[in-house]
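Take a look at the structure set out below.
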């Protein structure tokens with residue numbers, strides 16, 4: 038089964054609004070969580086990551102929220118801009134286990150002006 | 014900084030053909046990966062190499078071989094191309110395996126089309 042799942046294949050947000058991207062996972066041993074961003078015809082690049090000892094991490098307009106009991110983490114992008122339009126991939130791994138980074142299917146975010 | 018290069022950028026093959034994709038990194042990273050990207054399925058791990066001379070199967074290794082020729086290079090072979098197959102293959106590297114340095118850096122990809 039899909040260990041890391043992004044149930045929304047696409048999301049459209051108005052410029053200036055908050056984009057909320059969601060990711061659910063199955064393995065409660067995962068202890069590293071990441072969001073990668075991918076522009077069309079470009080490779081994924083790491084946006085932000087958190088370890089399981091925190092439940093929130095902020096970096097500029099980006100905030101990752103981690104809900105370990107719900108096996109869920111999300112990426113919030115405030116003041117969304119057209120250049121935020123991209124595919125966002127969530128990923129997770131168990132550092133003490135197989136340590137393989139497992140990716141979700143991706144959510145295509147479109148920020149409309 | 015560093016860079017990951019993948020060759021070729023576009024690969025067109027015939028059904029049943031053996032096809033090789035190459036990846037080079039100059040980050041001096043220990044660990045390298047090959048992923049397959051299909052629409053709606055995210056990135057699926059085909060093979061990875063934790064250090065030079067290591068080779069590990071990922072979740073999608075059937076139909077593929079890989080070779081870590083040296084620390085900086087990792088190649089992937091499609092052993093028998095499937096008709097009408099279309100996918101993007103991404104190579105990545107990281108400082109080491111999981112641990113404190115889990116960030117992966119990706120190459121630009123090789124787009125495979127099988128006629």
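Protein chains in written order, with our numbering: chain E, 38 to 150; chain A, 14 to 128. Ideal Cβ placement from N, Cα and C applies to all residues, glycine included. Note that the structure is predicted; figures quoted are calculated from it, not measured.
Taking the Cα of residue 127 of chain E as reference, the smallest distance to any Cα among A/117, A/15, A/126 is reached at A/117. Proximity of residue 56 of chain A to chain E, defined by a Cβ-Cβ separation below 7 angstroms, is satisfied. The beta carbon of residue 73 of chain A sits closer than 7 angstroms to those of 49, 57, 58, 59, all from its chain and outside the five residues before and after it, given in chain order.
One thing to note: residue 141 of chain E has its Cβ within 7 angstroms of the Cβ of residue 41 of chain E. Residue 38 of chain A: member of the beta strand (DSSP E) spanning 32-38, first to last residue.
In this structure, the alpha-carbon of residue 87 of chain E lies about 7 angstroms from that of residue 101 of chain E.
Interface criterion not met: the Cβ of residue 84 of chain E is under 7 angstroms from no Cβ in chain A.
In the structure shown, residue 78 of chain A falls within a strand segment according to DSSP collapsed to helix, strand and coil. The CB of residue 121 of chain A comes closer than 9 angstroms to the CB of 78, 79, 80 in chain E, given here in chain order.
Runs of alpha helix (DSSP H) with 4 or more residues, each lying fully within the segment 62-107 of chain A, are absent. Comparing alpha-carbon positions, the option among A/120, A/93, A/35 lying closest to residue 78 of chain E turns out to be A/120.
Below 8 angstroms, enough C-beta pairs join the segment 107-121 of chain E and the segment 57-71 of chain E to call them touching: three or more.
Judged by beta-carbon spacing, residue 94 of chain A lies beyond the 7 angstroms limit of residue 24 of chain A, meaning their Cβ atoms are not closer than that value.
Residues of chain A with a Cβ closer than 7 angstroms to the Cβ of residue 141 of chain E are, in chain order, 55. Scanning its chain for C-beta atoms nearer than 6 angstroms, with the 5 sequence neighbours on each side dropped, one finds around residue 138 of chain E the residues 128, 130, in chain order. Any Cβ of chain A closer than 7 angstroms to the Cβ of residue 69 of chain E would place that residue at the interface, and such an atom is present. At least one beta carbon of chain E lies nearer than 7 angstroms to the beta carbon of residue 116 of chain A. Segment contact: the segment 33-48 of chain A against the segment 114-125 of chain E, fewer than three CB-CB distances shorter than 8 angstroms; contact not assigned.
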